[in-house]
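Undergrad: Residue numbers (my numbering), protein chains in the order written: chain Z, 27 to 288; chain Y, 5 to 418.
#1: If the cut-off is 9 Å on Cβ atoms, which residues from the stretch 57-83 of chain Y count as contacting chain B, listed in chain order?
#2: Helix, strand or coil, according to DSSP, for residue 31 of chain Z in the structure here?
#3: Considering only their Cβ atoms, is the gap separating residue 141 of chain Y from residue 104 of chain Y smaller than 8 Å?
#4: Leaving out the 5 sequence neighbours to the left and right, which residues in its chain are closer than 6 Å to residue 236 of chain Z when beta-carbon positions are compared?
#5: Give the residues from the stretch 142-154 of chain Z that approach chain Y closer than 7 Å (Cβ to any Cβ), ordered along the chain.
#6: Bridge partners for residue 238 of chain Z per DSSP, in chain order?
#7: With H, G and I counted as helix, E and B as strand and the rest as coil, what does DSSP make of residue 269 of chain Z?
#8: Short of 8 Å in beta carbon distance, which residues of its chain neighbour residue 16 of chain Y, apart from the five on each side in sequence? Order them along the chain.
#9: What is the DSSP secondary structure of residue 14 of chain Y, reduced to helix, strand or coil?
#10: Any C-beta of chain Z sitting closer than 8 Å to the C-beta of residue 405 of chain Y?
#11: According to DSSP, is residue 88 of chain Z part of a helix, a strand, or is it coil?
#12: Is it buried or exposed for residue 401 of chain Y, if we count other Cβ within 10 angstroms and need 16 for buried?
#13: Keeping to the same chain, check which residues put their C-beta closer than 7 Å to that of residue 111 of chain Y; ignore five residues upstream and five downstream.
#14: Is residue 237 of chain Z near the ligand ZN, with its Cβ less than 7 Å from a heavy atom?
#15: When you check each C-beta in the stretch 125-141 of chain Z against every C-beta of chain Y, which residues fall closer than 8 Å?
#16: According to a CB-to-CB cut-off of less than 8 Å, which residues of the stretch 107-122 of chain Z neighbour chain Y?
#17: With 16 other CB atoms within 10 Å as the buried threshold, where does residue 287 of chain Z fall?
#18: For the stretch 283-329 of chain Y, list the alpha helix (DSSP H) runs that are entirely contained and at least 4 residues long, ordered along the chain.
#19: Identify each residue in the stretch 87-104 of chain Z for which the Cβ-Cβ distance to at least one residue of chain Y is less than 7 Å, and report them in chain order.
#20: Going by DSSP, what residue range makes up the beta strand (DSSP E) through residue 394 of chain Y?
#21: Using the Cα positions of residue 284 of chain Y and residue 387 of chain Y, report the straight-line distance between them to the nearest angstrom.
#22: Would you verify that the beta carbon of residue 383 of chain Y is, or is not, closer than 8 Å to some beta carbon of chain Z?
#23: Applying a beta-carbon distance threshold of less than 7 Å, which residues of chain Z neighbour residue 156 of chain Y?
#24: Whether or not the stretch 180-187 of chain Y and the stretch 195-213 of chain Y are in contact is what I'm after, with contact meaning three or more pairs of Cβ atoms, one per stretch, closer than 8 Å; do they touch?
#25: Since residue 354 of chain Y is in the alpha helix (DSSP H), which residue starts that stretch and which ends it?
#26: Leaving aside the five residues before and after residue 66 of chain Y along the sequence, list all residues of the same chain whose C-beta is less than 7 Å from its C-beta, in chain order.
#27: Beta carbon of residue 178 of chain Y, beta carbon of residue 225 of chain Y: below 8 Å?
#28: Anything in chain Z within Cβ reach of residue 236 of chain Y, meaning under 7 Å, just list it in chain order.
#29: Where residue 370 of chain Y and residue 137 of chain Y are concerned, what is the direct C-alpha to C-alpha distance, given to the nearest angstrom?
#30: Can you name the start and end residues of the alpha helix (DSSP H) that residue 102 of chain Z belongs to?
#31: Using a Cβ-Cβ distance cut-off of 8 Å, determine whether residue 145 of chain Y contacts chain Z.
#32: Can the beta-carbon of residue 162 of chain Z be found closer than 8 Å to that of residue 238 of chain Z?
#33: Is it true that the CB of residue 333 of chain Y sits closer than 8 Å to the CB of residue 300 of chain Y?
#34: Can you list, in chain order, the residues of its chain whose CB lies under 7 Å from that of residue 352 of chain Y, leaving out five sequence neighbours each side?
#35: How many angstroms separate the CA atom of residue 149 of chain Z from the CA atom of residue 110 of chain Z?
#36: What residue range is occupied by the uninterrupted beta strand (DSSP E) comprising residue 64 of chain Y?
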């Protein structure tokens, strides 16, 4: 098996995701690790892991495109693209129509609008603030002494969401503590925190047409998609492995570049 | 989209500009130390022409604010102003300047050998840009016990009505007795006409500098212009400013004749709306150049063009000139202005800088970007930042947004 592979690596603020594709655009291997402090080493470790998972050889990797905040730190990358580009390409691969992509990441959110041909029409990123991002949920989990993995179980166990008014992550944490003191059930608070994330994202831009939700938050907390659907009063689509959308888009870009140059 | 770090092309005339600016500051320093001449502090689009006609040396605190930003001293100095009761959310020119004064440190020392800013004999503001300028000069009024005078300009102005212009004329005339007393000189309308004529010539030359950027490739970038506008801000009304721009224009025309662009192999052209991020000028210039993109036009640099200074009645000229500028105008005017700029400069995309502490210079806040895009289809990004306070700026977020806009434009069908 010496068929060529195409690599996409998404070095995010929290985690690094890597996808290996073959020429028929099938995922042959993927890997995810905490980004840590040495982005280059983490990306390489992800590559080794994905190559192992694919049962492939390093020499089969024909081309690599990197994306994410650490995209310039990947020493085996042939090219870079922004997350806006790669999430667009990755989501369009699964939903090839005019779509509005909402990516909720660890430290930032993006809204990306694609036309029917998959070309980006416009995009928006969140303001310089962690409100409405995965970092907000991490902070809440820390304050409430709840494991991150527990958030989804708790939020999905109730339909009652406590309304959080504060824009600010720190103030929202304080607000949650005051609700807790008043005896509000923990699950309702967690669901309220999810709703707060959705509200912050939904106010970033108009969300018309078909909405695709992607990124780490929805990957680990599918209940956010349910809350989001209620918010936009319609269906919200989630691609398979939503946390890997950016890495998949990068790998598809690497393959497209190779095909263009062939 | 690997980005190559691109060298910034140096403009030869920069040396001449530094000499002119050094001379200007040396005169202020001398006057402050010896009392040989009176010094007026003036807001940048204030009645500088009137003050010069009385023989004042005119110092512009906003220029000092920009220096504090460009030298990246601001973020270290703002806390001193915050501790003195000035919110970190108000104008960061104000807070960095007040912080600089309280900390007894100024970039003028390193740049021009001055121990401190030159103490004012009179402080004169015009609220055409914002209310903060009044509070800014108010700090020095209390600190030094010197008189403060001002012009209150209406804001969000659509058409300049006779009532608005008439009121402003009266306000300018009302300054005269105070300025006569402080300067010890009688008002001389012929001297005012001379100053205004020179100022008008200077701003027309500055307009020509900016218009040369309509050429493709542009011989100059917005980032260059933020530096080279210095004489148009602090020395308009003096012949040496005119001479400087003649030198600069000649060099830019030479670039055009030789087909030399400020950015190698220019492929995309951008408009910068709002204040520069002073502490990131070089970084931004390199980022855009690295993508073969040139920021060719801006609202900011165009705000020092004053056509009305040639009015026969100098008071009407001042009233109109200081009020016609973009920042004073209504949303509809701003939209029309930007539409024509986008056409004239063949703009591919717009960068809106939402400067946290400068709401009046952040024109993304009332829906203008979307209205513009609906009208003329120009894509845009909004970057969060600030003119001076780099604590409010996220490097990587801004970089990603610039790059994503470039990607989007490069994906457009031919």
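For every residue, glycine included, the Cβ atom is placed at its ideal position computed from N, Cα and C.
As the structure is a prediction and not an experimental result, all values here were calculated from the model.
TA: In short:
#1: In the displayed structure, chain B is absent; the protein chains listed are Z and Y.
#2: As a position in the first chain, residue 31 of chain Z is number 5, starting the count at 1. Here residue 31 of chain Z sits in strand by DSSP.
#3: Residue 104 of chain Y sits at position 100 when you count from the first residue of the second chain. Residue 141 of chain Y sits at position 137 when you count from the first residue of the second chain. For residue 104 of chain Y and residue 141 of chain Y, no; Cβs fall outside 8 Å.
#4: Residue 236 of chain Z sits at position 210 when you count from the first residue of the first chain. Excluding sequence neighbours, residue 236 of chain Z sits near 125.
#5: 145, 146, 148, 149, 151, 153, 154
#6: One-based indexing of the first chain puts residue 238 of chain Z at position 212. Looking at the DSSP assignment, residue 238 of chain Z forms a beta bridge with Z/127, Z/263.
#7: Residue 269 of chain Z sits at position 243 when you count from the first residue of the first chain. If DSSP states are grouped into helix, strand and coil, residue 269 of chain Z belongs with the helices.
#8: Here residue 16 of chain Y corresponds to residue number 12 of the second chain, with the count starting at 1. Same-chain partners within the cutoff: 255.
#9: Locating residue 14 of chain Y in the second chain gives position 10, where the first residue counts as 1. Residue 14 of chain Y carries a coil assignment under DSSP once its states are collapsed to helix, strand and coil.
#10: Indexing the second chain from 1 puts residue 405 of chain Y at position 401. Yes - at least one Cβ of chain Z is within 8 Å of the one on residue 405 of chain Y.
#11: In the first chain, residue 88 of chain Z corresponds to position 62, counting from 1. Reduced to three states, the DSSP call for residue 88 of chain Z is strand.
#12: As a working mapping, residue 401 of chain Y is identified with position 397 in the second chain. By the neighbour-count rule (16 or more Cβ atoms within 10 Å), residue 401 of chain Y is buried.
#13: Within the second chain, the letter at position 107 stands for residue 111 of chain Y. For residue 111 of chain Y, where only same-chain residues beyond five positions count, the Cβ hits under 7 Å are 71, 72, 75, 77.
#14: Absence of the ligand ZN is noted for the structure shown, with no ligands found whatsoever.
#15: 134
#16: 107, 108, 109, 110, 111
#17: One-based indexing of the first chain puts residue 287 of chain Z at position 261. Counting Cβ neighbours within 10 Å, residue 287 of chain Z comes out exposed, since fewer than 16 surround it.
#18: 285-294, 303-306, 318-325
#19: So the close ones are 95.
#20: Residue 394 of chain Y sits at position 390 when you count from the first residue of the second chain. Here residue 394 of chain Y belongs to no beta strand (DSSP E), and DSSP marks it neither H nor E.
#21: Your numbering for residue 284 of chain Y matches position 280 in the second chain. Your numbering for residue 387 of chain Y matches position 383 in the second chain. Computed Cα separation, rounded: 13 Å.
#22: Counting from 1 along the second chain, the entry for residue 383 of chain Y is found at position 379. Judged by the 8 Å Cβ criterion, residue 383 of chain Y is in contact with chain Z.
#23: Counted from its first residue, the second chain places residue 156 of chain Y at position 152. Within 7 Å Cβ-Cβ: nothing; residue 156 of chain Y doesn't reach chain Z, min ~33 Å.
#24: Judged by Cβ distances under 8 Å, the stretch 195-213 of chain Y makes no contact with the stretch 180-187 of chain Y, as fewer than three pairs qualify.
#25: The sequence position of residue 354 of chain Y within the second chain is 350, counting from 1. Run containing residue 354 of chain Y: none in the alpha helix (DSSP H); it sits in the beta strand (DSSP E), 353-359.
#26: For this step, residue 66 of chain Y is matched to residue 62 along the second chain. Taken in chain order, the residues that qualify are 47, 48, 97.
#27: Along the second chain, one-based indexing puts residue 178 of chain Y at 174. Along the second chain, one-based indexing puts residue 225 of chain Y at 221. No, these two residues do not count as a Cβ contact at 8 Å.
#28: To locate residue 236 of chain Y, count along the second chain from 1; it is residue 232. Chain Z residues near residue 236 of chain Y: none, gap ~32 Å exceeds 7 Å.
#29: Reading the second chain from its first residue, position 366 is the one you call residue 370 of chain Y. Reading the second chain from its first residue, position 133 is the one you call residue 137 of chain Y. If you take the alpha carbons of residue 370 of chain Y and residue 137 of chain Y, they lie about 23 Å apart.
#30: As a working mapping, residue 102 of chain Z is identified with position 76 in the first chain. Note, residue 102 of chain Z: premise wrong, no alpha helix (DSSP H); not H, not E.
#31: In the second chain, residue 145 of chain Y corresponds to position 141, counting from 1. It does not; no Cβ of chain Z falls within 8 Å.
#32: Start at 1 with the first residue of the first chain, and residue 162 of chain Z comes out as number 136. Start at 1 with the first residue of the first chain, and residue 238 of chain Z comes out as number 212. Not in contact: residue 162 of chain Z and residue 238 of chain Z (Cβ atoms no closer than 8 Å).
#33: For the purposes of this step, residue 300 of chain Y is taken as residue 296 along the second chain, with counting starting at 1. For the purposes of this step, residue 333 of chain Y is taken as residue 329 along the second chain, with counting starting at 1. Taking a C-beta distance under 8 Å as the contact criterion, residue 300 of chain Y and residue 333 of chain Y do not qualify as a contact pair.
#34: For the purposes of this step, residue 352 of chain Y is identified with residue 348 of the second chain, where counting begins at 1. Excluding positions up to five away in sequence, the list reads 272, 273, 274, 413.
#35: Looking up residue 149 of chain Z in the first chain gives position 123. Looking up residue 110 of chain Z in the first chain gives position 84. Cα-Cα distance, rounded: 7 Å.
#36: Residue mapping note: residue 64 of chain Y aligns to position 60 of the second chain, counting from 1. It is not in any beta strand (DSSP E) - residue 64 of chain Y carries neither H nor E in the DSSP assignment.
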